[in-house]
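A.B. asks: Those letters in the sequence shown? Residues 6 to 698, per this note's numbering, in order.
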Amino acid sequence: MPRYLVIVESPAKAKTIKKFLGSNYEVVASNGHVMDLPKSQMGIDIENDFEPKYITIRGKGELLAKLRKEVKKADKVYLATDPDREGEAISWHLSNSLKLDNNIPNRIVFNEITKNAVKNAIKNARKIDMNLVDAQQARRVLDRMVGYTISPLLWNKVKRGLSAGRVQSVALRIICDREEEINSFIPEEYWNLEAEFTLKGEKKPLIAKYIGKDKNKTTVRSEAEAQNILNELKGAEFVIREIKRGERVRKAPLPFTTSTLQQEAAKVLNFSTSKTMQLAQQLYEGIDIKGYGSVGLITYLRTDSVRISDEADAAVKEFIGATYGKEYVASAQSGGNRSGKKIQDAHEAIRPTNVQFTPSDIKDSLSRDQYRLYQLIWKRFVASRMQSAVYETTSIKIEGNNHWFSTSASKLVFEGFLSVYQDEEDEDVIKTTYETLTEGDVLELKEIKKSQHFTQPPPHYTEASLVKTLEELGIGRPSTYAPTISTIIARRYVIKENKNLYVTELGEAVNNIMMKAFPSIVDVNFTANMEALLDSVEDGTLSWKTIVRNFYPDLIEAVNKAQEELDKIKIEDEVSDEVCELCGRNMVIKYGPHGKFLGCPGFPDCTNTKPYLEKIGVKCPLCGGDIVIRKTKKGRKYFGCSNHPDCNFMTWQKPSNVKCIKCGEIMLEKGGKLVCSNENCGYVTADKNENVD
Numbered sequence: 006m007p008r009y010l011v012i013v014e015s016p017a018k019a020k021t022i023k024k025f026l027g028s029n030y031e032v033v034a035s036n037g038h039v040m041d042l043p044k045s046q047m048g049i050d051i052e053n054d055f056e057p058k059y060i061t062i063r064g065k066g067e068l069l070a071k072l073r074k075e076v077k078k079a080d081k082v083y084l085a086t087d088p089d090r091e092g093e094a095i096s097w098h099l100s101n102s103l104k105l106d107n108n109i110p111n112r113i114v115f116n117e118i119t120k121n122a123v124k125n126a127i128k129n130a131r132k133i134d135m136n137l138v139d140a141q142q143a144r145r146v147l148d149r150m151v152g153y154t155i156s157p158l159l160w161n162k163v164k165r166g167l168s169a170g171r172v173q174s175v176a177l178r179i180i181c182d183r184e185e186e187i188n189s190f191i192p193e194e195y196w197n198l199e200a201e202f203t204l205k206g207e208k209k210p211l212i213a214k215y216i217g218k219d220k221n222k223t224t225v226r227s228e229a230e231a232q233n234i235l236n237e238l239k240g241a242e243f244v245i246r247e248i249k250r251g252e253r254v255r256k257a258p259l260p261f262t263t264s265t266l267q268q269e270a271a272k273v274l275n276f277s278t279s280k281t282m283q284l285a286q287q288l289y290e291g292i293d294i295k296g297y298g299s300v301g302l303i304t305y306l307r308t309d310s311v312r313i314s315d316e317a318d319a320a321v322k323e324f325i326g327a328t329y330g331k332e333y334v335a336s337a338q339s340g341g342n343r344s345g346k347k348i349q350d351a352h353e354a355i356r357p358t359n360v361q362f363t364p365s366d367i368k369d370s371l372s373r374d375q376y377r378l379y380q381l382i383w384k385r386f387v388a389s390r391m392q393s394a395v396y397e398t399t400s401i402k403i404e405g406n407n408h409w410f411s412t413s414a415s416k417l418v419f420e421g422f423l424s425v426y427q428d429e430e431d432e433d434v435i436k437t438t439y440e441t442l443t444e445g446d447v448l449e450l451k452e453i454k455k456s457q458h459f460t461q462p463p464p465h466y467t468e469a470s471l472v473k474t475l476e477e478l479g480i481g482r483p484s485t486y487a488p489t490i491s492t493i494i495a496r497r498y499v500i501k502e503n504k505n506l507y508v509t510e511l512g513e514a515v516n517n518i519m520m521k522a523f524p525s526i527v528d529v530n531f532t533a534n535m536e537a538l539l540d541s542v543e544d545g546t547l548s549w550k551t552i553v554r555n556f557y558p559d560l561i562e563a564v565n566k567a568q569e570e571l572d573k574i575k576i577e578d579e580v581s582d583e584v585c586e587l588c589g590r591n592m593v594i595k596y597g598p599h600g601k602f603l604g605c606p607g608f609p610d611c612t613n614t615k616p617y618l619e620k621i622g623v624k625c626p627l628c629g630g631d632i633v634i635r636k637t638k639k640g641r642k643y644f645g646c647s648n649h650p651d652c653n654f655m656t657w658q659k660p661s662n663v664k665c666i667k668c669g670e671i672m673l674e675k676g677g678k679l680v681c682s683n684e685n686c687g688y689v690t691a692d693k694n695e696n697v698d
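Printed below as a string of structure tokens:
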């Protein structure tokens with residue numbers, strides 16, 4: 006009987022696949038990459054047309070020796086690494102390391118780890134796709150060039166602890182741009198008027214919001230304007246002038262892609278992108294299910310496609326019909342590529358491998374977090390093949406003294422996919438359509454409430470919204486979102502607090518330098534265009550070395566230019582008034598991986614260090630102490646009193662010496678103007694020099 010060897014990436018995947026194959030199959034794991042560029046040098050032979058210098062990864066020599074022994078015993082070897090560019094590259098490295106014949110079809114790919122999928126893959130073995138390998142090589146070489154040319158420059162010429170990367174530098178810029186937008190935002194005051202009406206004989210009140218005069222939508226800018234409207238409404242008769250009844254159809258959601266799974270898991274489950282991918286990897290590779298053994302529960306987790314196979318489509322529709330009723334089954338296969346962008350590797354969407362494995366049935370075999378993520382994927386997939394939800398809608402317009410109010414409501418009449426998959430939007434649906442109301446009805450006014458509000462700045466990025474933005478801008482691919490975000494957090498360029506991402510002082514410094522010295526590297530369009538070029542390599546329409554040949558000279562020119570310019574702007578250590586209590590020298594301001602600190606200039610003879618509290622020249626409004634720049638434990642900058650903890654004054658915006666002429670509170674600097682720190686005041690100056698005490 007012939008012997009076959011199947012090489013996969015992980016032991017969990019090996020265990021799951023082994024049970025599908027006969028006793029003459031041996032399934033072993035490479036534990037990821039076996040070869041890579043060396044860490045000690047760039048590892049790219051520039052003089053030899055940018056040829057990469059791959060070496061065996063440290064610690065993998067013994068594993069490769071064992072694999073070579075297994076290869077000698079086998080009549081045929083199958084390479085079953087993940088079905089994407091990186092997986093193709095791992096198979097290529099394995100083939101070269103194990104001296105396999107690349108002309109023999111030995112590469113097998115499957116989107117899900119099921120018996121049928123694995124056996125079909127073996128029947129349809131192919132040669133290694135060098136276009137996929139080259140696309141991965143191009144990405145790896147470009148990233149290595151950027152990291153190994155710019156990072157040493159920043160480290161040596163500016164300050165220790167700085168480093169740069171091709172995709173993460175753009176992600177950092179996007180976060181910094183949003184931070185600047187928030188800091189420059191000037192809130193504008195507006196007032197809402199909300200009226201409560203009742204119809205004679207009806208107990209339930211009708212709440213309507215003010216639109217404006219003559220049906221023209223109006224923004225009420227001040228309390229005086231609001232009061233004028235209230236005065237004009239005194240004694241008015243309020244009549245329903247318009248009622249529109251209709252139907253709203255809400256389409257079922259598409260099944261998950263990598264990006265949408267990361268976004269939804271963050272929103273619903275509060276998972277980080279890296280945690281979501283780690284759990285999804287476990288579900289994909291295989292979980293021990295009681296009575297079934299190791300089962301791959303979901304399809305491949307790195308995809309930007311929403312397509313599903315005809316087999317899976319038929320299976321889930323049969324399940325929906327039997328479980329919920331035939332009227333709940335979608336009439337046609339929904340989905341498709343709505344974005345118009347290239348879909349990497351033509352994968353399926355992320356879905357359960359077997360819809361019959363309901364979350365409740367296998368809950369006892371999963372950890373709490375595995376269960377929650379699987380339940381999310383399962384529900385989304387089932388919902389994607391169900392009918393739309395249908396609402397009856399009612400829109401009402403009310404007039405009094407030529408001032409108009411409006412309200413709307415909706416009532417769910419067919420739940421469709423909502424019977425499986427709901428979100429926050431569905432919880433807020435009003436369960437009425439005011440059937441008893443008719444045009445011409447006169448309403449009794451109970452009261453009109455006026456409330457002050459201020460426009461809000463755009464929100465800070467979360468991991469979920471950053472992933473969405475990266476995807477929309479065409480930056481990175483499904484496999485890069487999680488590691489990109491993990492990298493900028495690990496380097497302390499960005500910190501995460503209550504889901505929000507905030508730039509640290511270190512992150513601001515790195516971004517400023519990158520923007521000044523390497524504008525093309527951090528240019529959003531440049532990075533997105535690079536992704537499109539990598540797609541062309543995968544398509545076989547562009548050589549990967551053509552990209553590198555065009556990229557490297559521009560990179561080196563920018564590095565050389567920065568070498569000269571950064572020499573000129575090199576910051577010497579600033580001497581402070583703080584005296585070192587150990588040796589009597591004036592301490593200097595240093596810049597470390599976590600920001601500024603005070604260090605003794607006598608280093609290494611004196612190693613004394615202290616936190617650096619930078620005064621901004623403004624006195625604390627609570628106790629008269631100095632306001633200094635402080636940082637949270639995670640590194641986010643704020644302004645607080647030097648007398649902390651005795652004084653608890655703090656603000657995220659920089660305070661000024663200017664007092665508000667309306668309420669007397671201190672003013673804060675925002676976007677070249679001053680804004681009152683009292684949120685209920687809202688006073689804004691025309692420029693920062695107005696009314697200085």
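Just so it is clear, CB atoms sit at the ideal spot from N, CA and C, and this is done for glycine as well.
1) So L72 is in the alpha helix (DSSP H); what residue range does that whole segment cover?
2) Which term fits E476, buried or exposed, when burial requires 16 or more other beta carbons within 10 angstroms of its beta carbon?
3) Grouping DSSP H, G and I as helix and E and B as strand, with all else coil, what is N503?
4) Measure the C-alpha to C-alpha separation of S277 and Q268 and round it to an integer number of angstroms.
5) Extract the residue ranges of the beta strand (DSSP E) inside the segment 280-361, only unbroken runs of 3 or more that lie entirely within it.
6) Within its chain, find whatever has a CB closer than 8 Å to the CB of D87; leave out the 5 residues flanking it on each side and keep chain order.
7) Please state the DSSP three-state secondary structure of V39.
8) Closest by CA to S393, which one among L423, S413, I552?
9) Can you check whether the CB of M672 is closer than 8 Å to the CB of C665?
10) Applying the criterion that 16 or more other CB atoms from any shown protein chain within 10 Å of the CB defines a buried residue, is M6 buried or exposed?
11) Could you give the distance in angstroms between the alpha-carbon of I632 and the alpha-carbon of T398?
12) Using the C-alpha atoms, what's the distance from E194 back to P43?
13) Within the segment 587-672, note down every full beta strand (DSSP E) run reaching 3 residues or more, in order along the chain.
14) Helix, strand or coil for F459, going by three-state DSSP, please let me know.
15) In whole angstroms, give me the CA-to-CA distance for T614 and V114.
16) Determine the DSSP secondary structure at D433, reduced to helix, strand or coil.
17) Could you tell me the alpha carbon to alpha carbon distance between Q568 and A176, rounded to whole angstroms?
18) Starting from the Cα of A213, find the closest Cα among E230, F243, N236 and give me that residue.
19) Can you find the residues in the same chain that come closer than 7 Å, C-beta to C-beta, to K120, ignoring five residues on each side of it along the sequence?
20) With I490 as the anchor, note down where its alpha helix (DSSP H) starts and where it stops.
21) Just reading off the beta strand (DSSP E) that S168 is part of, what are its end residues?
22) Taking Cβ to Cβ, would you say I248 is nearer than 8 Å to E444?
23) Distance, Cα to Cα, E695 vs S682?
24) Going along the chain, which unbroken runs of the beta strand (DSSP E) with 3 or more residues stay wholly within the segment 187-213?
25) Could you pull out every residue in the same chain whose Cβ sits closer than 6 Å to the Cβ of D148, ignoring the five residues on either side in sequence?
26) Is it the case that the segment 312-330 contacts the segment 40-57, given that we only count it when at least three CB pairs across the two stretches are under 8 Å?
27) Given a cut-off of 8 Å on the beta-carbon distance, is the pair Y557 and M282 in contact?
28) Pick helix, strand or coil for R178, following the three-state DSSP scheme.
29) Please work out which residues of its chain come closer than 6 Å, Cβ to Cβ, to Y396, disregarding the five sequence neighbours upstream and downstream, and give them in chain order.
30) Looking at D309 and S279, is the spacing between their C-beta atoms short of 8 Å?
31) Taking 8 Å as the limit between beta carbons, can you name the residues of its chain near E670, skipping five residues before and five after?
32) Relative to the C-alpha of S647, which residue among N662, E674, K659, E619 is closest?
33) Does DSSP put L103 in a helix, a strand or coil?
34) Rounded to whole angstroms, what is the Cα-Cα separation between P16 and L371?
35) Could you compute how far the alpha carbon of S100 sits from the alpha carbon of R112?
36) So what does DSSP say about D528, is it helix, strand or coil?
C.D. replies: According to the structure data:
1) If you number the sequence shown from 1, residue 72 lands on position 67. Residue range 66-78 is occupied by the alpha helix (DSSP H) that includes L72.
2) Stepping through the sequence shown from its first residue, residue 476 is reached at position 471. Counting C-beta atoms within 10 angstroms of its own C-beta, E476 has 16 or more neighbours from the protein chains shown and is therefore classed as buried.
3) Translated into positions along the sequence shown, residue 503 becomes position 498. Coil at N503, not helix or strand.
4) Taking the first residue of the sequence shown as 1, we reach residue 277 at position 272. Taking the first residue of the sequence shown as 1, we reach residue 268 at position 263. So the alpha carbons of these two residues sit roughly 9 Å apart.
5) The DSSP assignment places complete beta strand (DSSP E) segments of no fewer than 3 residues inside the segment 280-361 at 292-294, 298-300, in order along the chain.
6) Counting from 1 along the sequence shown, the entry for residue 87 is found at position 82. Residues E14, I95, Y305, R307 of the same chain have their beta carbon placed closer than 8 Å to that of D87, with the five preceding and five following residues left out of the count.
7) As a working note, residue 39 is residue 34 in the sequence shown. Secondary structure at V39: coil, using DSSP grouped into helix, strand and coil.
8) Here residue 393 refers to the residue found at position 388 when the sequence shown is read from its first residue. The shortest C-alpha separation from S393 is found at L423.
9) Position 660 of the sequence shown, counting from 1, holds the residue named residue 665. Position 667 of the sequence shown, counting from 1, holds the residue named residue 672. Yes, the Cβ-Cβ distance between C665 and M672 is below 8 Å.
10) Sequence index remark: in the sequence shown, residue 6 carries index 1 (1-based). It is exposed - the Cβ of M6 has fewer than 16 other Cβ atoms within 10 Å.
11) Mapped onto the sequence shown, residue 632 falls at position 627. Mapped onto the sequence shown, residue 398 falls at position 393. Taking the straight line joining both Cα atoms gives about 55 Å.
12) Residue numbering aside, residue 43 sits at position 38 when the sequence shown is read from its first letter. Residue numbering aside, residue 194 sits at position 189 when the sequence shown is read from its first letter. Their Cα atoms are separated by approximately 58 Å.
13) The segment 587-672 is shown to contain whole beta strand (DSSP E) runs of 3 or more residues at 591-597, 600-604, 614-616, 619-624, 631-636, 642-646, 660-664, in chain order.
14) Along the sequence shown, read from residue 1 onward, the residue named residue 459 stands at position 454. Assignment of F459 by DSSP, reduced to helix, strand and coil, places it in the strand class.
15) Taking the first residue of the sequence shown as 1, we reach residue 614 at position 609. Taking the first residue of the sequence shown as 1, we reach residue 114 at position 109. Looking at the two C-alpha atoms, the distance is approximately 56 Å.
16) Taking the sequence shown and counting its residues from 1, one reaches residue 433 at position 428. Unreliable placement is indicated for D433, whose pLDDT of 49 sits below 50; the coordinate value is still reported in the next sentence. Correct three-state label for D433: coil.
17) On the sequence shown, position 563 is the one that residue 568 refers to. On the sequence shown, position 171 is the one that residue 176 refers to. Cα atoms of Q568 and A176: separation of roughly 24 Å, rounded to the nearest angstrom.
18) Position 208 of the sequence shown holds residue 213. Of the candidates E230, F243, N236, the residue whose Cα lies closest to the Cα of A213 is F243.
19) Translated into the one-based positions of the sequence shown, residue 120 becomes position 115. Contacts found: F25.
20) Here residue 490 is taken as the residue at index 485 of the sequence shown, counted from 1. That run of the alpha helix (DSSP H) goes 486-495.
21) As a first step, residue 168 is located in the sequence shown; it is residue number 163 there, counting from the start. Here S168 belongs to no beta strand (DSSP E), and DSSP marks it neither H nor E.
22) The residue given as residue 248 occupies position 243 in the sequence shown. The residue given as residue 444 occupies position 439 in the sequence shown. In this structure, E444 lies closer than 8 Å to I248 by Cβ.
23) Translated into the one-based positions of the sequence shown, residue 695 becomes position 690. Translated into the one-based positions of the sequence shown, residue 682 becomes position 677. Because the pLDDT of E695 is 46, which lies under 50, any placement of that residue in the model is unreliable, and the number read from its coordinates should be weighed accordingly. Looking at the backbone, the Cα of E695 and that of S682 are separated by about 16 Å.
24) Whole beta strand (DSSP E) segments, 3+ residues: 194-204.
25) To locate residue 148, count along the sequence shown from 1; it is residue 143. Counting only Cβ-Cβ distances below 6 Å, and skipping sequence neighbours, we find R171.
26) The segment 40-57, when compared against the segment 312-330, does not touch it at the 8 Å Cβ threshold.
27) In the sequence shown, residue 557 corresponds to position 552, counting from 1. In the sequence shown, residue 282 corresponds to position 277, counting from 1. Note that the C-beta distance between Y557 and M282 is not below 8 Å.
28) Sequence index remark: in the sequence shown, residue 178 carries index 173 (1-based). R178 falls in the helix class under three-state DSSP.
29) Along the sequence shown, read from residue 1 onward, the residue named residue 396 stands at position 391. Listed in chain order, the non-local C-beta contacts of Y396 below 6 Å within the same chain comprise R253, S415, L417, local neighbours out to five positions each way being set aside.
30) Numbered from its first residue, the sequence shown carries residue 279 at position 274. Numbered from its first residue, the sequence shown carries residue 309 at position 304. No, the Cβ-Cβ distance between S279 and D309 is not below 8 Å.
31) Sequence index remark: in the sequence shown, residue 670 carries index 665 (1-based). The beta carbon of E670 sits closer than 8 Å to the beta carbons of P626, K664, C681, S682, N683, C686 from its chain, once the five residues preceding and following it are set aside; these are given in chain order.
32) The residue given as residue 647 occupies position 642 in the sequence shown. Closest option to S647, Cα to Cα, is E619.
33) Counted from its first residue, the sequence shown places residue 103 at position 98. Looking at L103 - three-state DSSP - the assignment turns out to be coil, as it is neither helix nor strand.
34) Position 11 of the sequence shown, counted from the start, is the residue given in the question as residue 16. Position 366 of the sequence shown, counted from the start, is the residue given in the question as residue 371. When only Cα atoms are considered, P16 and L371 end up about 18 Å apart.
35) For the purposes of this step, residue 100 is identified with residue 95 of the sequence shown, where counting begins at 1. For the purposes of this step, residue 112 is identified with residue 107 of the sequence shown, where counting begins at 1. Taking the straight line from one Cα to the other gives about 10 Å.
36) For the purposes of this step, residue 528 is taken as residue 523 along the sequence shown, with counting starting at 1. Coil, per DSSP.
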